[in-house]
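Residue numbers (full-length UniProt numbering): 1 to 513. Shown next, in structure tokens, is the structure this report addresses.
Dropping the structure here:
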């Protein structure tokens with residue numbers, strides 16, 4: 001068989017909430033095996049022989065009119081949407097290089113061996129899914145890829161055009177046959193539940209996994225806890241709580257004066273506000289208690305109670321995942337009773353959301369519970385539900401959030417490794433610079449220039465390829481993600497993205513920072 005359609009690799013299996021509304025914090029994924037298995041209403045009875053046969057038939061033969069054959073390529077094209085400089089992209093490229101240079105494998109496979117090349121098709125999983133849809137609609141035979149790292153719904157898009165190719169080999173050739181039985185059953189359930197699949201086979205493989213983590217800003221949290229204690233709050237005497245408070249206090253004290261100035265003094269009615277509240281580390285084990293804590297702490301300080309200073313207790317980077325996992329938890333970890341119910345229609349997997357909109361259904365009741373839990377705290381801005389592309393870490397490192405819940409994939413953005421040789425300031429404070437700020441996103445030259453940026457001092461603060469533009473006595477620092485230059489007032493700028501001081505007096509003031 002000429003396998004020139006698209007194989008689909010699962011990039012991430014989705015997020016498992018670090019917390020749940022109910023007291024139990026585990027998760028239960030659907031499983032798939034050689035025996036009967038029911039996941040959200042879909043029963044998979046397939047054997048490995050069935051899955052190999054279905055590799056010939058296709059995932060959804062009824063959609064064959066939308067299918068097409070790609071032009072055969074010299075290399076297997078693997079599509080991804082990771083940032084080129086990020087850890088994920090670097091790891092992927094290392095794996096591909098190891099595969100391409102595996103002499104033993106090349107010798108074993110002979111003329112059926114093909115090297116793999118990585119193709120970046122956008123920024124983020126959403127752009128990757130859009131590109132798949134566009135190429136399918138255009139029946140792009142030349143530029144389509146063979147593998148893609150993304151979420152399982154992209155598999156549903158491919159299956160809807162019968163372009164989702166199986167990793168099983170019809171003849172069972174061990175060098176070509178990759179079956180779900182090789183993997184932990186909890187990581188391959190999407191092969192049974194993904195929409196538009198009719199014939200069970202091995203279409204989606206796990207390759208990476210991320211989950212949700214809670215990240216605490218110790219200086220802010222220690223100020224909150226110390227303030228609560230000073231205003232009469234009792235602390236649980238269990239070991240976990242004692243150890244947590246001790247660690248937070250030890251790591252949070254160095255910035256106390258800045259935090260107190262930033263978040264303000266306690267409100268006048270703080271003692272009354274906190275009456276009856278007891279702190280325990282168990283608060284962080286479930287959303288219900290955590291949300292109440294966030295709302296209470298938001299009202300505790302003069303600079304946070306009126307929501308005018310962009311200071312918040314908790315930021316949630318993936319509110320849809322939080323909502324989905326919370327409902328799933330409250331419905332007893334049963335897919336059939338949760339938001340998405342998977343069933344067969346004319347033999348093809350379909351997903352519906354009737355359980356969410358049916359009054360009194362388990363999902364409907366659970367969804368209302370989740371909504372009511374978050375509603376008040378969101379209104380006070382003690383909890384911020386971030387939109388697409390917005391991450392709490394961008395502000396949490398400047399002490400504007402006490403904690404966040406976000407993906408492990410971006411955990412390094414939650415802290416600054418070193419501030420040596422760097423300074424931070426807001427351009428809006430320095431009118432002496434001819435530097436225009438704009439809130440208009442279409443104004444690419446000036447948009448968002450009034451925000452905080454990180455600087456590297458001296459000529460070495462510039463990007464390496466720009467350092468030859470100037471001498472060491474001409475550049476004061478490099479700034480921003482592109483490491484552009486801030487030059488002295490008498491310097492002729494070599495790049496339109498560099499800036500310079502208006503006069504020597506302003507330069508002198510700048511050096512005093």
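All residues carry an ideal CB built from backbone N, CA and C; glycine is no exception.
Length of the line joining the Cα atoms of residue i and residue j
| i | j | result |
| --- | --- | --- |
| residue 168 | residue 355 | 35 Å |
| residue 105 | residue 146 | 20 Å |
| residue 335 | residue 341 | 6 Å |
| residue 25 | residue 324 | Residue confidence is low: residue 25 scores 25 on pLDDT, short of 50, so the model does not pin down where it sits. Its coordinate-derived value is still stated next. Answer to the nearest angstrom: the Cα atoms are 14 Å apart. |
| residue 457 | residue 487 | 11 Å |
| residue 67 | residue 161 | 5 Å |
| residue 414 | residue 386 | 15 Å |
| residue 240 | residue 383 | 25 Å |
| residue 270 | residue 136 | 60 Å |
| residue 300 | residue 294 | 10 Å |
| residue 176 | residue 220 | 54 Å |
| residue 412 | residue 473 | 34 Å |
| residue 282 | residue 392 | 23 Å |
| residue 253 | residue 244 | 14 Å |
| residue 258 | residue 91 | 39 Å |
| residue 61 | residue 139 | 17 Å |
| residue 56 | residue 178 | 14 Å |
| residue 483 | residue 495 | 12 Å |
| residue 491 | residue 497 | 14 Å |
| residue 320 | residue 388 | 10 Å |
| residue 46 | residue 217 | 49 Å |
| residue 121 | residue 131 | 7 Å |
| residue 297 | residue 462 | 42 Å |
| residue 232 | residue 303 | 21 Å |
| residue 358 | residue 308 | 39 Å |
| residue 419 | residue 396 | The predicted model places residue 419 with a pLDDT of 47, which falls under 50 and marks its position as unreliable; any figure quoted below should be read in that light. Those two C-alpha atoms are separated by around 16 Å. |
| residue 339 | residue 223 | 39 Å |
| residue 52 | residue 63 | 20 Å |
| residue 185 | residue 192 | 11 Å |
| residue 292 | residue 242 | 21 Å |
Local Cβ density within 10 Å of residue i, reported as buried at 16 or more and exposed below that
| i | result |
| --- | --- |
| residue 381 | buried |
| residue 478 | buried |
| residue 79 | buried |
| residue 166 | buried |
| residue 305 | buried |
| residue 373 | buried |
| residue 174 | exposed |
| residue 363 | buried |
| residue 111 | exposed |
| residue 466 | buried |
| residue 317 | buried |
| residue 108 | exposed |
| residue 171 | exposed |
DSSP state of residue i mapped onto helix, strand, coil
| i | result |
| --- | --- |
| residue 432 | Note that residue 432 scores a pLDDT of 41, beneath 50, so its modelled location is shaky; the value from the coordinates is reported in the next line. Residue 432 falls in the coil class under three-state DSSP. |
| residue 486 | strand |
| residue 166 | coil |
| residue 198 | coil |
| residue 101 | coil |
| residue 341 | strand |
| residue 278 | strand |
| residue 437 | Interpretation of residue 437 is limited by its pLDDT of 47, a score under 50 that renders its predicted location unreliable; no figure is taken from the coordinates. |
| residue 462 | coil |
| residue 183 | coil |
| residue 188 | coil |
| residue 284 | helix |
| residue 250 | helix |
| residue 174 | coil |
| residue 54 | helix |
| residue 350 | strand |
| residue 500 | strand |
| residue 273 | helix |
| residue 330 | helix |
Using 8 Å as the threshold, is the stretch 194 to 201 in touch with the stretch 148 to 156, meaning 3 or more CB pairs across them?
Here the stretch 194 to 201 makes contact with the stretch 148 to 156; the two share three or more CB pairs at distances below 8 Å.
With a floor of 4 residues, list each alpha helix (DSSP H) that falls wholly inside the stretch 108 to 159, ordered by position along the chain.
Taking only runs of at least 4 residues, the alpha helix (DSSP H) segments lying wholly in the stretch 108 to 159 are 125 to 138 and 153 to 159.
With three or more C-beta pairs closer than 8 Å as the rule, is the stretch 199 to 206 touching the stretch 242 to 252?
No: fewer than three Cβ pairs fall under 8 Å.
Using 8 Å as the Cβ pair cut-off and three pairs as the minimum, do the stretch 111 to 123 and the stretch 131 to 146 touch?
Touching, yes, given that three or more Cβ pairs across the two stretches are closer than 8 Å.
Which runs of the beta strand (DSSP E) at least 3 residues long sit entirely within the stretch 288 to 326? Give them in chain order.
The stretch 288 to 326 contains these whole beta strand (DSSP E) runs: 312 to 316.
Which runs of the beta strand (DSSP E) fall wholly inside the stretch 369 to 419 and span at least 3 residues, in chain order?
383 to 385 and 401 to 407, all fully within the stretch 369 to 419.
Taking three-plus beta-carbon pairs below 8 Å as touching, is the stretch 224 to 243 in contact with the stretch 260 to 277?
As far as the Cβ criterion goes, the stretch 224 to 243 touches the stretch 260 to 277, which means the pair count is three or higher.
Can you find at least 3 beta carbon pairs, one from the stretch 398 to 414 and one from the stretch 210 to 220, that sit closer than 8 Å?
Flag = yes, the stretch 398 to 414 and the stretch 210 to 220 touch.
Looking at C-beta atoms only, is the number of pairs between the stretch 393 to 403 and the stretch 311 to 331 that lie closer than 8 Å three or more?
Per the Cβ contact rule, the stretch 393 to 403 is in contact with the stretch 311 to 331 (3 or more Cβ pairs under 8 Å).
Pair every Cβ in the stretch 79 to 93 with every Cβ in the stretch 119 to 133, then say whether three or more of these pairs are closer than 8 Å.
Taking 8 Å as the limit for Cβ pairs, the verdict is that the stretch 119 to 133 does touch the stretch 79 to 93.
Take every Cβ of the stretch 359 to 376, pair it with every Cβ of the stretch 284 to 302, and state whether three or more of those distances are shorter than 8 Å.
The stretch 359 to 376 makes contact with the stretch 284 to 302, as at least three CB pairs between them are under 8 Å.
Enumerated in chain order, which unbroken segments of the beta strand (DSSP E) with a length of 3 residues or greater are wholly contained in the stretch 68 to 101?
Along the length of the stretch 68 to 101, whole beta strand (DSSP E) runs at least 3 residues long occupy 76 to 80, reported in chain order.
In chain order, which continuous runs of the alpha helix (DSSP H) of length 4 or greater are located wholly inside the stretch 205 to 243?
For the stretch 205 to 243, whole alpha helix (DSSP H) runs of length 4 or above, ordered along the chain, are 218 to 230.
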